[in-house]
Amino acid sequence: MIRTVLLALLLASSTTGVEHDFTVEVPPGKFQCYFQPVDTTKHKFLEVDYQVVDGGDLNINFMIILGADVLIQDSMKVDGSHRLDLQRSGDYQFCFDNSFSFQARKVVFFEVFLLNDLGQLDEMDYMKAARKDEDLERRMADLGVTIEGFRTSANHIKSLLNKIEYHQALLRAHEARDRAVMGANLDRVTFWSCTHTLVMMGVGALQVFLIRSLFEDNSKVGRLLRKGKSAY
1 MIRTVLLALL
11 LASSTTGVEH
21 DFTVEVPPGK
31 FQCYFQPVDT
41 TKHKFLEVDY
51 QVVDGGDLNI
61 NFMIILGADV
71 LIQDSMKVDG
81 SHRLDLQRSG
91 DYQFCFDNSF
101 SFQARKVVFF
111 EVFLLNDLGQ
121 LDEMDYMKAA
131 RKDEDLERRM
141 ADLGVTIEGF
151 RTSANHIKSL
161 LNKIEYHQAL
171 LRAHEARDRA
181 VMGANLDRVT
191 FWSCTHTLVM
201 MGVGALQVFL
211 IRSLFEDNSK
221 VGRLLRKGKS
231 AY
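Under UniProt numbering, the first residue of the sequence shown carries the number 1, and numbering increases by one thereafter.
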């Protein structure tokens, strides 16, 4: 009995919505777009979050395009978040422009949410397909529980879990970007450290060679140095 009640309540509280997240690579000198069909009879708001997690100076140009209209445009941004009030149905384009970069590819993490008029992910109402069981409702009423009340609570919990998942995805993207920055800094420090070490070794070897030349009679460099010193 309890198992049947729990199954019915879980089905009643199940939700589904249009929520996508992707990690894409934009090659240097390229302009890439991704499409999302939108039906304004089902969705009222569109939300897009993006973040450059690796590559170059961690910046990119971003646009949201519908038909020939550019709805949103960001220039040389590390990250961004946009929310649109949907007025027209159609295929919305999310475009990442890395044409200004000649060598560095960019890795971009972005999420797309299609929300209803309440600003929430759409819910699939399984209650419409459920068979009404008066005996079950009476027994639940005896326990002080209603399906509608439990469904409301479950939907609220699901909404909170969606927010947690969203923030976890952002934290993962931040972590990936921080690792990329640390890796780039490590490579830069290693390169310049090796360069300075080689220069110092070269200067030291040159100094030893010049000093030895001063004490060698057959050294052309030594004679040249001694000649310059004598002339002085």
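All residues carry an ideal CB built from backbone N, CA and C; glycine is no exception.
Spatial neighbours of residue i in its chain, beta-carbon cut-off 6 Å, leaving aside the 5 residues before and after
| i | result |
| --- | --- |
| Gln36 | Tyr92 and Val112 |
| Met63 | Val70, Gln73 and Cys95 |
| Gln51 | Asp79, Phe109 and Ala173 |
| Thr4 | Reliability of the predicted coordinates at Thr4 is poor, the pLDDT of 37 falling under 50, and no value is obtained from them. |
| Asp97 | Phe31 and Asn61 |
| Leu84 | Leu46 |
| Asp81 | Just to set this straight, residue 81 is Ser in the shown sequence, not Asp. Here the set comprises Asp49. |
| Tyr34 | Phe94 |
| Val24 | Val108 |
Run of the alpha helix (DSSP H) containing residue i, from where it starts to where it stops
| i | result |
| --- | --- |
| Leu136 | Glu134 to Asp142 |
Same chain only: Cβ atoms within 7 Å of residue i, ignoring 5 sequence neighbours per side
| i | result |
| --- | --- |
| Ser219 | Ser213 |
| Ala169 | Asp21 and Glu111 |
| Glu104 | Checking the sequence shown, residue 104 turns out to be Ala, not Glu. Once the five neighbours on either side are set aside, the close Cβ partners of Ala104 are Pro28, Gly55 and Gly56. |
Residue i vs residue j beta-carbon contact at 8 Å
| i | j | result |
| --- | --- | --- |
| Val221 | Leu206 | no |
| Val48 | Phe100 | no |
| Asp39 | Ser89 | yes |
| Asp60 | Lys77 | Here the sequence assigns Ile to residue 60, which means Asp is not the residue at that position. A contact, by the Cβ cut-off of 8 Å. |
| Val26 | Lys106 | yes |
| Glu116 | His20 | At residue 116 the sequence reads Asn, which differs from the Glu that was named. In this structure, His20 does not lie closer than 8 Å to Asn116 by Cβ. |
| Leu114 | Leu46 | yes |
| Ile28 | Phe150 | The amino acid occupying residue 28 in the given sequence is Pro; Ile does not appear at that position. Cβ distance not < 8 Å, so Pro28 and Phe150 don't count as in contact. |
| Val53 | Ala176 | yes |
For residue i, the first and last residue of its enclosing beta strand (DSSP E)
| i | result |
| --- | --- |
| Pro37 | Phe31 to Val38 |
| Asp85 | Asp79 to Asp85 |
| Asp49 | Phe45 to Asp54 |
| residue 234 | The structure shown does not extend to residue 234, since the chain is modelled only from 1 to 232, so the question has no answer here. |
| Gln93 | Gly90 to Asp97 |
Buried versus exposed, by CB contacts within 10 Å (16 or more), residue i
| i | result |
| --- | --- |
| Gly55 | buried |
| Asp178 | exposed |
| Ser13 | Unreliable placement is indicated for Ser13, whose pLDDT of 38 sits below 50; the coordinate value is still reported in the next sentence. Burial call: buried. |
| Leu58 | buried |
One or two residues paired with residue i in a DSSP bridge
| i | result |
| --- | --- |
| Gln73 | Met63 |
| Thr41 | Beta-bridge pairing links Thr41 to no other residue. |
| Val108 | Val24 and Val52 |
Any C-beta of chain C under 8 Å from that of residue i
| i | result |
| --- | --- |
| Leu210 | The question asks about chain C, but that chain is absent: this structure has only one protein chain. |
Spatial neighbours of residue i in its chain, beta-carbon cut-off 8 Å, leaving aside the 5 residues before and after
| i | result |
| --- | --- |
| Lys227 | none |
| Leu225 | Leu210, Ser213 and Leu214 |
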